[in-house]
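>
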């Protein structure tokens with residue numbers, strides 16, 4: 015049994031306990047994504063983007079939230095601030111690439127695990143093996 019099914023089923027409750035909500039990212043979220051990346055440490059940005067960039071260019075942010083072959087999700091705190099983002103993108107008919115980034119001050123709270131579980135479940139439901 016895939017443990018992500020169990021985690022995905024319990025993710026909304028786990029996030030709700032922390033007063034966090036998950037929603038799909040849209041083109042309206044570009045500036046929030048830029049702000050999330052700017053709040054992250056240089057090490058965190060490197061681990062997510064594999065480069066030493068200091069900020070996310072608007073064109074790259076727009077690309078990351080644009081409609082693509084997959085799903086992009088954002089996690090927001092009770093004030094509406096974007097504190098994590100993740101996505102999967104189809105690279106082949108049944109293969110996807112996944113990526114996620116959480117704000118440094120939310121590390122170790124299970125937010126990333128819940129986000130990845132939701133992404134993996136969605137991908138599986140859409141034919142990704």
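Residue numbers (this note's numbering): 15 to 143.
Where a beta carbon is used, it is the ideal one built from N, C-alpha and C, also for glycine.
Put residue 75 into one of helix, strand or coil per three-state DSSP.
It is helical.
> Relative to the alpha-carbon of residue 101, which residue among 91, 124 and 77 has its alpha-carbon at the smallest distance?
Ranking the options by Cα distance to residue 101, first place goes to 77.
> Enumerate, from N- to C-terminal direction, the unbroken alpha helix (DSSP H) stretches of 4 or more residues contained entirely within the segment 28 to 66.
Fully enclosed alpha helix (DSSP H) runs of 4 or longer: 44 to 53 and 56 to 63.
> For residue 25, which option in 138, 126, 99 and 44 has the closest C-alpha, if you only look at C-alpha atoms?
With distances taken between Cα atoms, residue 25 lies closest to 126.
> Please name the residue, chosen from 108, 120 and 42, that lies closest to residue 86 on a Cα-to-Cα basis.
Residue 42 is the option with its Cα nearest to residue 86.
> Around the C-beta of residue 83, are 16 or more other C-beta atoms found within 10 angstroms, so that it is buried, or is it exposed?
Burial call: exposed.
> From the DSSP output, in three-state form, read off residue 137 for me.
Helix, per DSSP.
> Determine the DSSP secondary structure at residue 142, reduced to helix, strand or coil.
Three-state DSSP puts residue 142 in coil, outside helix and strand.
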